[in-house]
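Below: the structure, in C-alpha coordinates.
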Amino acid sequence: MRDSELQIDRNCHVLYSTPCKKEILAKIALHYPEVEREVVWEQVQLRYAELLSKWRTDLGGKKNFHNGVGGTYDCIAIMCYYDVCRDVTTFREIEEMEEKLILPTFRKLKFVDCNKPFWRKLMYKAFVRAKSGCDKWHDYEMTVAPYEKN
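Numbering (the working numbering), first residue to last: 283 to 432.
Right, dumping it as C-alpha coordinates:
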(Lines of atoms letter the chains of each structure in order from A and count residues from 1; the text may use other names and numbers.)
(Lines give C-alpha, C1' and ligand atoms only; values in the text may rest on other atoms or scores of the structure.)
Protein backbone atom coordinates (compact mmCIF):
# COMPACT_ATOMS: atom_id res chain seq x y z
CA MET A 1 0.00 0.00 0.00
CA ARG A 2 1.32 3.43 -0.89
CA ASP A 3 1.64 6.00 1.87
CA SER A 4 -0.76 8.31 0.04
CA GLU A 5 -3.47 5.59 0.18
CA LEU A 6 -3.26 5.34 3.96
CA GLN A 7 -6.59 6.35 5.50
CA ILE A 8 -5.61 8.85 8.19
CA ASP A 9 -7.05 12.27 8.97
CA ARG A 10 -4.29 14.49 7.59
CA ASN A 11 -5.91 17.61 9.05
CA CYS A 12 -4.80 16.63 12.53
CA HIS A 13 -2.22 13.84 11.98
CA VAL A 14 0.94 13.43 9.92
CA LEU A 15 2.56 10.39 8.36
CA TYR A 16 5.69 8.77 9.81
CA SER A 17 8.93 10.18 8.39
CA THR A 18 10.84 8.67 5.45
CA PRO A 19 13.81 7.67 7.67
CA CYS A 20 11.36 5.88 9.99
CA LYS A 21 9.81 4.02 7.07
CA LYS A 22 13.28 2.95 5.90
CA GLU A 23 14.17 1.68 9.38
CA ILE A 24 10.98 -0.35 9.65
CA LEU A 25 11.37 -1.80 6.15
CA ALA A 26 14.98 -2.75 6.94
CA LYS A 27 13.88 -4.63 10.06
CA ILE A 28 11.10 -6.36 8.13
CA ALA A 29 13.66 -7.41 5.50
CA LEU A 30 15.85 -8.77 8.28
CA HIS A 31 13.15 -11.05 9.68
CA TYR A 32 10.86 -12.03 6.80
CA PRO A 33 11.36 -13.70 3.40
CA GLU A 34 10.89 -11.46 0.38
CA VAL A 35 7.45 -12.87 -0.48
CA GLU A 36 6.04 -11.87 2.94
CA ARG A 37 7.60 -8.41 3.32
CA GLU A 38 4.95 -6.41 1.47
CA VAL A 39 2.15 -8.08 3.43
CA VAL A 40 3.89 -7.40 6.76
CA TRP A 41 4.55 -3.76 5.81
CA GLU A 42 0.88 -3.35 4.87
CA GLN A 43 -0.13 -4.80 8.26
CA VAL A 44 2.10 -2.22 9.96
CA GLN A 45 0.53 0.57 7.89
CA LEU A 46 -3.00 -0.61 8.65
CA ARG A 47 -2.21 -0.83 12.36
CA TYR A 48 -0.83 2.73 12.19
CA ALA A 49 -4.01 4.00 10.51
CA GLU A 50 -6.16 2.11 13.03
CA LEU A 51 -4.29 3.58 15.99
CA LEU A 52 -4.51 7.12 14.62
CA SER A 53 -8.24 6.75 13.98
CA LYS A 54 -8.68 6.21 17.73
CA TRP A 55 -5.94 8.64 18.80
CA ARG A 56 -6.18 12.14 20.18
CA THR A 57 -6.58 14.73 17.46
CA ASP A 58 -4.83 17.55 19.31
CA LEU A 59 -1.21 16.52 18.68
CA GLY A 60 -0.72 19.43 16.29
CA GLY A 61 0.07 17.64 13.04
CA LYS A 62 2.77 19.45 11.04
CA LYS A 63 2.64 22.51 13.29
CA ASN A 64 3.95 20.71 16.38
CA PHE A 65 7.74 20.63 16.66
CA HIS A 66 7.60 17.15 18.27
CA ASN A 67 6.26 15.63 15.06
CA GLY A 68 9.43 15.68 12.94
CA VAL A 69 11.89 12.84 12.39
CA GLY A 70 12.05 10.73 15.53
CA GLY A 71 9.01 12.47 16.96
CA THR A 72 5.60 11.39 18.14
CA TYR A 73 4.38 9.85 14.88
CA ASP A 74 7.61 7.95 14.24
CA CYS A 75 7.30 6.46 17.73
CA ILE A 76 3.73 5.44 16.96
CA ALA A 77 4.89 3.78 13.71
CA ILE A 78 7.66 1.90 15.52
CA MET A 79 5.18 0.65 18.11
CA CYS A 80 2.89 -0.51 15.29
CA TYR A 81 5.85 -2.39 13.80
CA TYR A 82 6.45 -3.97 17.20
CA ASP A 83 2.78 -4.87 17.57
CA VAL A 84 2.71 -6.64 14.19
CA CYS A 85 6.18 -8.24 14.43
CA ARG A 86 6.55 -8.89 18.16
CA ASP A 87 7.20 -12.62 17.56
CA VAL A 88 10.38 -11.96 15.57
CA THR A 89 11.74 -8.67 16.90
CA THR A 90 13.50 -7.79 20.14
CA PHE A 91 13.29 -4.80 22.43
CA ARG A 92 16.93 -4.00 21.59
CA GLU A 93 16.03 -3.73 17.88
CA ILE A 94 13.28 -1.25 18.76
CA GLU A 95 15.81 0.80 20.76
CA GLU A 96 18.23 0.74 17.79
CA MET A 97 15.52 2.05 15.49
CA GLU A 98 14.74 4.91 17.86
CA GLU A 99 18.45 5.70 18.27
CA LYS A 100 18.98 5.88 14.51
CA LEU A 101 16.09 8.32 14.20
CA ILE A 102 16.73 10.56 17.20
CA LEU A 103 20.49 10.64 17.85
CA PRO A 104 21.67 12.16 14.51
CA THR A 105 20.07 15.46 15.49
CA PHE A 106 22.02 15.58 18.73
CA ARG A 107 25.28 14.59 17.04
CA LYS A 108 25.02 17.68 14.85
CA LEU A 109 25.06 19.92 17.91
CA LYS A 110 28.43 21.32 18.85
CA PHE A 111 29.56 21.47 22.42
CA VAL A 112 29.61 24.90 24.02
CA ASP A 113 30.41 26.23 27.46
CA CYS A 114 26.92 26.44 28.93
CA ASN A 115 28.19 28.47 31.87
CA LYS A 116 28.91 31.53 29.74
CA PRO A 117 26.14 34.14 30.01
CA PHE A 118 25.38 34.25 26.27
CA TRP A 119 24.81 30.48 25.98
CA ARG A 120 22.88 30.31 29.27
CA LYS A 121 20.49 33.02 28.11
CA LEU A 122 20.15 31.42 24.67
CA MET A 123 19.35 28.02 26.20
CA TYR A 124 16.86 29.64 28.57
CA LYS A 125 15.05 31.26 25.62
CA ALA A 126 15.07 27.97 23.68
CA PHE A 127 13.58 26.07 26.61
CA VAL A 128 10.95 28.74 27.26
CA ARG A 129 9.94 28.55 23.59
CA ALA A 130 9.82 24.75 23.74
CA LYS A 131 7.69 24.95 26.89
CA SER A 132 5.20 27.25 25.17
CA GLY A 133 4.90 24.67 22.37
CA CYS A 134 4.35 21.90 24.92
CA ASP A 135 1.71 23.98 26.68
CA LYS A 136 -0.03 24.75 23.38
CA TRP A 137 -0.27 21.12 22.25
CA HIS A 138 -0.61 19.51 25.71
CA ASP A 139 1.68 16.68 24.64
CA TYR A 140 4.51 16.98 27.18
CA GLU A 141 4.77 18.65 30.57
CA MET A 142 7.76 20.90 30.97
CA THR A 143 8.94 23.30 33.66
CA VAL A 144 11.58 26.00 33.11
CA ALA A 145 13.23 27.70 36.08
CA PRO A 146 13.42 31.50 36.00
CA TYR A 147 16.52 32.94 34.35
CA GLU A 148 19.24 33.91 36.81
CA LYS A 149 21.84 36.45 35.68
CA ASN A 150 24.49 35.17 38.12
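Note that CB positions come from ideal geometry on N, CA and C, so glycine has one too. This structure is a prediction, so every number in the text was calculated from the model and none was measured.
With 16 or more other Cβ atoms inside 10 Å of its own Cβ, ALA359 counts as buried. Contact check for VAL366 and VAL326: beta-carbon distance about 5 Å, within the 8 Å limit, so the pair qualifies. One thing to note: TYR363 has its Cβ no nearer than 8 Å to the Cβ of LYS304. Counting only the Cα atoms, TRP419 lies some 31 Å from ASN397. For TYR422, the number of other beta carbons within 10 angstroms of its own is below 16, and it is reported as exposed.
Between TYR429 and the set LEU404, SER414 and MET283, the nearest pair of CA atoms involves LEU404. When DSSP states are grouped into helix, strand and coil, MET405 belongs to the helix group. In this structure, TYR355 sits away from TYR314, with a CB-CB distance that is not shorter than 8 Å. Note that the C-beta distance between ALA331 and ILE290 is below 8 Å. In this structure, the beta-carbon distance from PHE409 to VAL426 falls below 8 Å.
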